Each structure stands twice: as C-alpha cells, then as structure tokens.
Amino acid sequence: MTVETERAYRRHLLQGLGWVCVALGAIGIVLPVMPTTVFLLIALWAFARSSPRLHTWLIENPYFGPYIADWERDRIIPVRAKVIAVAMMTISGLWLALGTTAPLIVVFGVVSILIGVASYVLTRPSQPSI
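Numbers 25 to 154, taken from the working numbering, label the letters of the sequence shown in order.
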C-alpha cells in the first residue's frame, strides 16, 4: 500500500467515525440514556484530523457548535451543560440500577464509568481563565 493510499484510507476512516459519532450524538439529544457530548467531541477530533470542511461545519452548527467551540478553544464546559450532563448520567445510572435486570457487574461497571465521567465534567472550568 502506498503512502497516499494509506493516508486516503485513514482520512476516510476518520470521516466515517466522525459521521457515526455525529449520528450517535444526535440520537443522544432525543434519548436521555444516550450521551451526546462525548460523541460530538470524538466527531470533532476525527474531523479535525480528516477534513477541515467537516470540522468547520461541526463547530458552526447552530445547535451544538457553540459548546464544541468553547471546548476546543478554552477547554470549558458551561454550567448549564454540566448540570444537564450530570443529571442525565444520574438518571441513566439510576434507571440501569433500579429499572433493569442487568447483571450486578454490568451495573457496577457502567455506574463506575458514569461517576468517572461526571467527575471529569464537574472539574472542568466553566469560564475561560483570564
């Protein structure tokens, strides 16, 4: 495989990953048990490495572009986004623990991940540092 073919393959793979993550993020807007932000950040990362046009499109999106741009520029998560994210993670964890018959190890694993992600979200700055 030539270097050009390898680069094209990687670019297409990253673009595909980006589109899958945009779709999953859009589903997460409608379904409270699906995360949105993490998928959109993965899409941002994939598009940044594969297509300046798609990267710009995602940042300029009127629905979630401002949050993504804030993250990319200043690594901040606005307070409102933090509250929504942690509330959705809490609801998802409670639903999994109390509303399903999932094995205890699955509940423990998922809830542990949700706690870790919530901790990360809550420790990010909410405003750019001066």
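For every residue, glycine included, the Cβ atom is placed at its ideal position computed from N, Cα and C. Every value quoted in this text rests on a predicted model; they were computed, and no experiment measured them.
To the nearest angstrom, how far is it from the Cα of residue i to the Cα of residue j?
i: T61; j: K106; result: 10 Å
i: I129; j: L118; result: 15 Å
i: S153; j: I83; result: 21 Å
i: L55; j: I108; result: 13 Å
i: P86; j: L138; result: 28 Å
i: T26; j: R73; result: 19 Å
i: P76; j: E30; result: 19 Å
i: W95; j: G140; result: 19 Å
i: R104; j: E28; result: 44 Å
i: Q151; j: V134; result: 29 Å
i: A93; j: Y33; result: 27 Å
i: S136; j: G123; result: 17 Å
i: A126; j: L68; result: 32 Å
Could you tell me whether the Cβ atoms of residue i and residue j are closer together than 9 Å?
i: I66; j: L37; result: no
i: V131; j: A121; result: yes
i: G49; j: F63; result: yes
i: R148; j: R97; result: no
i: V145; j: I115; result: no
Counting C-beta neighbours from all protein chains within 10 Å, is the total for residue i 16 or more, i.e. buried, or is it exposed?
i: L113; result: Looking at the sequence itself, residue 113 is Met, so the reference to Leu does not match. That one is buried.
i: Y91; result: buried
Out of the options, which has the shortest C-alpha to C-alpha gap to residue i?
i: P59; options: S74, V110, P127 and W95; result: V110
i: R35; options: L48, V46 and L78; result: L78
i: I53; options: F88, W69 and T80; result: F88
Quick one: which unbroken alpha helix (DSSP H) runs of 4-plus residues sit fully inside the stretch 63-92? Chain order, please. 76-83
Can you check the stretch 91-152 for any alpha helix (DSSP H) of at least 4 residues that lies completely inside it and give the ranges in chain order? 103-123 and 128-147
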